[in-house]
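Below is one structure, written out as C-alpha cells, with a few remarks after it.
In the UniProt record's numbering, the protein residues as written are 1 to 230.
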C-alpha cells in the first residue's frame, strides 16, 4: 500500500477513469517505454489529493492479475503494430474495466461470507468469480451441458475456497466439458476434497503438538503433496 497520486485508463464511453485500476507514475511510464503506441493511455485519476492504494501493475510472484493486465496491454500494442493502425483503446478499456471489477482469486484460502458459483448437482464444487470467468464462461459459450449445470447466480456461503484455480483442476473441468462427462468431474472434485481434508487433519495434528519447526520436514512433505492435488 502507498499514498500517492494515481494514474488510470479513461473509459471512452463514460469519460471517467476505470475504478479499481490504479497505477503508479513509474509503472505508467514503464508501459509507455515498452509499448510506445500506448503513449498517453494513462491519465491522472481525478481526486482531491494523494490516496492510499496498491499499484495494479506492481509485480509480485503471487499476483496473477499483473500478468493478465500486462497481456492486455501487450496484446493491444501488438495488434496495432501488426495492423499498422492506432491501438484500440476502447477495447482495451472495456477489458481492463471488466477485469478490475472482478475480485482476485484467493486460491485455497478460506473466504468467509463470500459469493460462489456452484453447480446444482455438485454443490461442494465452489468457484470464484475470476475463475468462473476464465474457465467456465468460455465453456458456457461453447454450449457445454456440464458447464450449464452451474446456477445462474452466485450463492452466498459462510466459508468456502475456490477449487478451480489450479491448472490440474482447470484441465479436469475442460476435459469433462469436452467429453460431456459429468461423472468424471464429480469423481475428481470429491477426490480432491477428500485429499484436502486428510492433509489438513495431518497438519492440524502437527500443530497440536506445538511449534512446527520440530516437524518442518513433515509439514513441507504435506505441502508438496497438496500441490500435486490442488
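Here a beta-carbon is modelled for each residue, glycine too, at the ideal position from N, C-alpha and C.
Per DSSP, the unbroken beta strand (DSSP E) holding residue 53 starts and ends at 51 to 53. Assignment of residue 19 by DSSP, reduced to helix, strand and coil, places it in the coil class. The residue from 186, 48 and 54 with its alpha-carbon nearest to that of residue 122 is 186.
Taking residue 109 as reference, the option from 52, 165 and 23 with the minimal CA-CA separation is 165. Under DSSP, residue 9 takes part in a beta bridge, and its partners are 42. Taking the C-beta atoms as reference points, residue 96 is found nearer than 8 angstroms to residue 18.
Judged by DSSP secondary structure, residue 147 falls outside any beta strand (DSSP E); it is assigned neither H nor E.
The continuous beta strand (DSSP E) containing residue 3 extends over residues 2 to 4. When Cβ pairs closer than 8 angstroms are counted between the two stretches, the segment 60 to 67 is seen not to touch the segment 36 to 49, the count staying below three.
Under a 10 Å Cβ-count criterion, residue 14 is classified as exposed, with fewer than 16 other Cβ atoms of the shown protein chains found around its own Cβ. Under the Cβ criterion (8 angstroms, minimum of three pairs), the segment 135 to 152 counts as touching the segment 176 to 190. Taking a C-beta distance under 8 angstroms as the contact criterion, residue 160 and residue 126 qualify as a contact pair.
With distances taken between CA atoms, residue 90 lies nearest to 10 out of 10, 194, 226 and 2. Taking 8 angstroms as the cut-off, the beta carbon of residue 12 is found closer than this to the beta carbon of residue 93. Taking all protein chains in view, the Cβ of residue 224 is surrounded by fewer than 16 other Cβ atoms within 10 Å, so the residue is classified as exposed. Ranked by Cα distance from residue 188, the options 124, 222 and 139 are led by 124.
According to DSSP, residue pairing for residue 142 in a beta bridge does not occur.
Sequence-distant partners of residue 50 (beyond 5 residues in either direction) whose C-beta falls short of 6 angstroms from its own C-beta, in its chain, are 3, 4 and 5. Across the structure, residue 172 and residue 23 are spaced so that their CA atoms are roughly 36 angstroms apart.
For residue 156 against residue 113, the beta-carbon gap comes to about 7 angstroms, under 8 angstroms, which counts as contact. In the structure shown, residue 107 falls within a coil segment according to DSSP collapsed to helix, strand and coil.
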